[in-house]
Every structure is written in C-alpha cells, then in structure tokens.
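Let me begin by presenting the structure, written as structure tokens, before commenting on it.
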Amino acid sequence: MKELNYLNKYFGKYKFSFLIGIIITIVAQIFSLFTPKLISKSFNEIEEFAKNKNVAISVVQNQLTNNILLIIATTIVAGFLTFLMRQTLIVMSRHIEFDLKNEVFSQYENLSQNFYKKNRTGDLMNRISEDVSKVRMYVGPAVMYTINTIIRFTIVIVYMFNVSPRLTLYTLLPLPILSYAIFKISSEINIRSTVFQQYLSKVSSFTQEIFSGIRVIKAYSLEDQHQNNMIDLANESKSKSLNLAKIQALFGPLMLALIGISNLVVIYFGGLMYINGTIKSIGTIAEFILYVNMLTWPVASLGWVSSMVQEAEASQKRINEFLKIEPEIKNTNPEKSIIEGAISFENVSYTYEDTHITALHDISFTVHKGETLAILGKTGSGKSTIISLISRLYDVSNGQITIDKKEISTVNMFDLRNSIGIVPQDAFLFSDTLKNNIKFGKKEATDDEVKAAAKSAEVHKNIMGFTKKYETILGERGITLSGGQKQRVSIARAIIKNPKILLFDDCLSAVDTETEESILNNLQTICKDKTTIIVSHRVSSAKNADRIIILDEGRIIEQGSHNQLINQEGYYAALYLKQLSEKELQ
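In UniProt numbering, the protein residues as written are 1 to 586.
Put into structure tokens, the structure is as follows:
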C-alpha cells in the first residue's frame, strides 16, 4: 500500500465527494437491514398464528401484506441510495483518473531528451493508459466496495449480536480462515500482476516500433520474422496473464464455499438452539440466514477488491518511477524574458549521457541579433548538438551559452523556446490536415498567413495539387508526403511563427537544388531581422551567411565568410569545388 499513498492527495482534493459517498453508504446499509427484520417478523407472525388458532387469518394476511410493502419500499430506497453512492464514488474516481493522466502527461512533457532515449514509447503509453486504468479501479470500485463492506459488516454484526451473540459467534467462525486465505493469495497476486504489467509494456513497445517502421519491414520482406517474434512475445505475455488469472480464480469458489459453510452453521446451530429454547422463534434463524447472505457479496468482493488493490499498487509503482524523476532541464526563471536573438557560445563542451560521446569540444562563436550563421561539417561533427543546446533540449557539460548576454539557464525557458522557430533534421508531421500542421507554429494564424508561409517554403504548389488541398489529412508522421515535401511543410511551420531566432538543421537535404535555391532566396527576405543558424552539408545553403563555421569531431576547424574560406583553400574550399563540379555534371 506504500506506493498507493501517492494518491492520498487526490482523496483530499475530492474529500467532499468522498465524505458524501460514505454517508450515503451508511444510510443505504441501514435501509437494507430492514428486510431481514421484516422477514423475521413475518415468520414470527406465521409461527404465532400456527400456535394460536384464535387469531383471524385476515389479521395475519394484513400484517404480511404490510411487511411486504415495507420490504419493497425499503429495498427501493436502499437501491436508490446505492445508485447515488456509485454516482458519487465512481464519478470521483473518474475525476482522479483525469487528474492523474494529466499529471503523468505533464511529467512526460517536462522530462528531457535523455529520458526518451532511455525509455520506449510503447512502455510510456502503457503507463498512461493501462496502468492509470488499474489505479482508477482502486480509487473507484475498490474504495467503494471496501467502504461498503466495512459499513455493512459493522452494522450487520451489531444487529446479529443484538439478536443472538452466541449464534453470531458460530456464524463468524469461518472468517479467520477467509482472512488468512486472502492475505496469502493477495501477496501472490501482487507479484504476478507486476510481472504481467511489465510484459504488457513489452508488447506495447514492440508493436509500436513495428507499426512505426512498417515500411522498412515490408521493404526487407521481414514480415514473417517479426510475426514470429510477436507470437513469442504474445505467448510469454499470455503465460503471465494466465498465471495471474489462475490465482485470481481461487477467490470466487473460496468465498462461496465459506459463505455456504456459514449458512450451514446457522441452520445447524440455530436449529439446535431453537430446539433447546435458547432462540425463541424460528424467524431468528431466517433472519440470520439473510444476514449471512447479505455478507455474501461483501465477503466475495474482498477477493476482487484485494486483487484490484494489488494490481493498482503494481501499476502505481510503475507510474511513481516516472513521477519521481526530476527533470534535468528546468525553468529557473519564472519571470518573463524578452528575447532579442543574440547568441554566444563560450568554450562550450557537451558529452551525451547515454553514449558518453563528447560531441563538442571548447566551441566558441557569437551570432549578433539579425545575423546568419551557417554550420557545415561531416556527419557526427556536432552540428545538430549546437541546435539542441540553443533551444535548451540539453544543458552544456562545460562552458557557457548566453542569450542576449544572459546565461541561457537564467532566461525563462518557455519564452526562449517561444522565440525560436526550429526545423529539425527529421521533419515530424502530425496526423492532421496540412493547414493545421503549418499552423502548429501559430495556432491563431489566418488562411492567408498559412498560404504565405507555404509559398515561402515552396510547398504551396504541391499542396494545391492534392484533392483536398490544405485540408488534406496526413498519415502518421506525415507518411502521405515525400521527404522533400515534409521538410518544406516543416519550414513553413517555422516561418509562420515569425520568431526572433530561426534554426534550420539540415532541413533541405531531401530538396532538389533548384527548389533549394528558391527557398534560400525567400529566406533571405524573411530572415533579414532574425538571428538565423543554418546547419547543412551543402555549400549552397551556407554561402550567403554572414559567417560560416566548419566543424570536425566537435571542434571548429575553420570559420569566416564564404569568400574568406574559399581563399583559405581548406575543407570548405574543397567541399565547394566538389559540389560545384557535381552540379555542373547534373
């Protein structure tokens, strides 16, 4: 139960609903206890009539009719109150589920890039869906039935003791056996439930990866191999599920057997006590049988509730593992920051935590407000790392980055990111309309603004060629579009935001040289008053920049303007001549 203590704050938040639910439960149980009393009274009146023939049968019939009407009335009231109890407590559990899902999702959003490198998407999805659903069963049905059971047990046993303390003791004899059985089985359920949830996450992660990479799997004709892998994983998961189901299946028969034994105890010992005169009327035995049967569902539900609690604890433990992680990247300044766009790197080094690869070594450069910097270099030279550090997806290992002469960690992180328009190397588009994908950078943008951004990114003509034009729904990750079209839509998304800083991370790699030239010409106008950093493998993307730096294995090996670097006859000049000759051959 230690892991479930995390949920106490939610019970405090909804304490009014919780207390109302408890009060309604108590009143409902009191009304439900009228039935055994009235039935006992009816049996006694029949017994009295059988012993005393002087009583008119019509009087007995009237009394029985009145008792039946009272039973119906009290049952209806008890049923209505039970309905209100469910409405109060189960609705409360839905509110808690809503809050917990939002809390988990918010934590996911706050966690850094390193977290997502270490955890699989399927597992994250499983924790916010399956695990939260298991927890809801605890805060809803499990809590409701526990309250119901405690209140019913308390009230029924008090009534039973008032009628016959001795017979009550006989009736309750099987309960210690029940308690011990529940304890043993619940412990095993907790172990098996944890294992099952882990395998469920593995299945979710596996299928999510397969669906995301289905094109590669089909291209390599590996369907059968992955089908077999899925069968193996599903069989393992099924085995764990069956192990859990087998132990859970013990509860039902065990509860019914113990309740049946309690009924036999009432009939046997109650009958002996009636014969001996300890019990004065046969109605008492009938009343006790009804009390025992009233305890049937609460006792039977103990197993179900115990199972739900154990599963919820296993799930909450998995959720808590993530909720307790402190985000590596935090917003240390809640005050609003005005971003102008000046960027400076001072002896910056960065080592990736997962691979321990040092991507940058003592990097220093400055980009003034409104200037354009181009970064070129081989694959793995650290170009994309610079883009990630500017947008504070990571924090530097050594050195310092300043934004408008302020250390980057002292700038309001959300204002910084809102001031940045970034086009990542791997263009990610959502399963939505083309228009909404472009408007992602500016939700309030008008249709004219969307079209203007698309034209600047040289993708408007392509969009107009689709049947539904800007209302075209894209497949997952923008699979409907070609690589170049995805990159250009991603560029339009950054442009429409009209940010102070524009970061282009090799975003023209899938675009032909003619379209690239048109986009770069458009960007020259758009980026006039913006600080722009262009990461590329092509000299054509970099030649118009105010300054160019060349990276090699995380170090700056050349820097200067296009003309300066051409005259140095180094890496940049060689790359320029190579790409120029390739262009001439095309």
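The C-beta atom is built at its ideal place from N, Cα and C for all residues, glycine as well.
Span of the alpha helix (DSSP H) around residue 94: Here residue 94 refers to the residue found at position 94 when the sequence shown is read from its first residue. From DSSP, the alpha helix (DSSP H) with residue 94 extends over 57 to 110.
Residue 356 burial status per 10 Å Cβ neighbour count (16 or more: buried): Reading the sequence shown from its first residue, position 356 is the one you call residue 356. Classification for residue 356: exposed.
Given residue 41 as reference, the closest of 285, 180, 170, 543 once Cα atoms are compared: For the purposes of this step, residue 41 is taken as residue 41 along the sequence shown, with counting starting at 1. Among 285, 180, 170, 543, the Cα nearest to that of residue 41 is on 285.
CB contact flag (residue 505, residue 535, <7 Å): Here residue 505 is taken as the residue at index 505 of the sequence shown, counted from 1. Here residue 535 is taken as the residue at index 535 of the sequence shown, counted from 1. The answer is yes: Cβ separation under 7 Å.
Residue 261 versus residue 270: straight-line alpha-carbon distance, rounded: Here residue 261 is taken as the residue at index 261 of the sequence shown, counted from 1. Here residue 270 is taken as the residue at index 270 of the sequence shown, counted from 1. Those two C-alpha atoms are separated by around 13 Å.
Secondary structure of residue 134, DSSP reduced to three states: Working through the sequence shown from its first residue, we reach residue 134 at position 134. Looking at residue 134 - three-state DSSP - the assignment turns out to be helix.
Helix, strand or coil at residue 481 according to DSSP, with G and I counted as helix: Locating residue 481 in the sequence shown gives position 481, where the first residue counts as 1. Here residue 481 sits in coil by DSSP.
Nearest candidate by alpha-carbon position, reference residue 128, set 148, 152, 102, 150: What you label residue 128 is simply residue 128 of the sequence shown in a count that begins at 1. Of 148, 152, 102, 150, the residue nearest in Cα terms is 102.
Sequence ranges, beta strand (DSSP E) only - wholly within the region 337 to 424, length at least 3: 343 to 351, 358 to 367, 372 to 377, 398 to 403, 420 to 423
Exposure label - residue 305; buried when at least 16 CB within 10 Å: Counting from 1 along the sequence shown, the entry for residue 305 is found at position 305. Buried.
Contact under 7 Å by Cβ, residue 359 with residue 377: Counting from 1 along the sequence shown, the entry for residue 359 is found at position 359. Counting from 1 along the sequence shown, the entry for residue 377 is found at position 377. No. Outside cutoff.
Member of 295, 81, 237 whose CA lies at the smallest distance from the CA of residue 172: Counted from its first residue, the sequence shown places residue 172 at position 172. Taking only the C-alpha atoms, the option nearest residue 172 is 295.
As assigned by DSSP and simplified to three states, the class of residue 222: Translated into the one-based positions of the sequence shown, residue 222 becomes position 222. Three-state result, residue 222: coil.
For residue 488, the residue or residues it bridges with in DSSP: Counting from 1 along the sequence shown, the entry for residue 488 is found at position 488. DSSP lists no partner for residue 488.
Assumed close pair residue 532, residue 472 - CB separation to whole angstroms, cut-off 8 Å: Stepping through the sequence shown from its first residue, residue 532 is reached at position 532. Stepping through the sequence shown from its first residue, residue 472 is reached at position 472. That pair is no contact at about 30 Å.
Residue interval of the alpha helix (DSSP H) (run including residue 152): Position 152 of the sequence shown, counted from the start, is the residue given in the question as residue 152. Run containing residue 152: 143 to 163, per the alpha helix (DSSP H) assignment.
Rounded straight-line distance, which links the Cα of residue 374 to that of residue 527: Locating residue 527 in the sequence shown gives position 527, counting from the first residue. Locating residue 374 in the sequence shown gives position 374, counting from the first residue. Those two C-alpha atoms are separated by around 13 Å.
Closest Cα partner of residue 493 within the set 456, 483, 529, 512: Taking the sequence shown and counting its residues from 1, the one referred to as residue 493 is at position 493. Minimum Cα distance to residue 493 is reached at 456.
DSSP three-state assignment for residue 504, whether helix, strand or coil: Within the sequence shown, the letter at position 504 stands for residue 504. Three-state result, residue 504: strand.
Same chain only: Cβ atoms within 6 Å of residue 317, ignoring 5 sequence neighbours per side: Locating residue 317 in the sequence shown gives position 317, where the first residue counts as 1. Result list for residue 317: 3, in chain order.
For residue 97, the nearest candidate out of 135, 503, 120 (CA to CA): For the purposes of this step, residue 97 is taken as the residue at position 97 of the sequence shown. Checked all of 135, 503, 120; the closest Cα to residue 97 is 135.
In chain order, each alpha helix (DSSP H) run of at least 4 residues that lies wholly inside the region 514 to 572: 539 to 542, 562 to 568
Opposing strand residues paired with residue 446 [DSSP bridges]: The residue labelled residue 446 in the question sits at position 446 within the sequence shown. Beta-bridge pairing links residue 446 to no other residue.
DSSP bridge partner residues for residue 194 (one or two, in chain order): Mapped onto the sequence shown, residue 194 falls at position 194. According to DSSP, residue 194 bridges with nothing at all.
Residue range of the unbroken alpha helix (DSSP H) whose run includes residue 28: Here residue 28 corresponds to residue number 28 of the sequence shown, with the count starting at 1. Run containing residue 28: 15 to 32, per the alpha helix (DSSP H) assignment.
Span separating the alpha-carbon of residue 166 from that of residue 27: For the purposes of this step, residue 166 is taken as the residue at position 166 of the sequence shown. For the purposes of this step, residue 27 is taken as the residue at position 27 of the sequence shown. Whole-angstrom Cα-Cα distance: 27 Å.
Status (buried if at least 16 other CB within 10 Å, exposed otherwise) for residue 32: The count along the sequence shown starts at 1 and reaches residue 32 at position 32. With 16 or more Cβ atoms within 10 Å of its Cβ, residue 32 is classed as buried.
Outcome for residue 319 when other beta-carbon atoms lying within 10 angstroms are tallied against a minimum of 16: Locating residue 319 in the sequence shown gives position 319, counting from the first residue. Label assigned to residue 319: buried.
Contact check, residue 499 vs residue 419, beta carbons under 7 Å: If you number the sequence shown from 1, residue 499 lands on position 499. If you number the sequence shown from 1, residue 419 lands on position 419. Yes, they are a contact pair.
Cα-Cα separation between residue 43 and residue 158, rounded to whole angstroms: For the purposes of this step, residue 43 is identified with residue 43 of the sequence shown, where counting begins at 1. For the purposes of this step, residue 158 is identified with residue 158 of the sequence shown, where counting begins at 1. Cα to Cα, the separation comes out at about 21 Å.
Residue 207 in three-state terms, based on DSSP: Here residue 207 refers to the residue found at position 207 of the sequence shown. In this structure, residue 207 counts as helix in the three-state DSSP scheme.
Selected residue, minimal CA-CA separation from residue 556, among 339, 361, 390: Here residue 556 corresponds to residue number 556 of the sequence shown, with the count starting at 1. When each option's Cα is compared against that of residue 556, the closest is 361.
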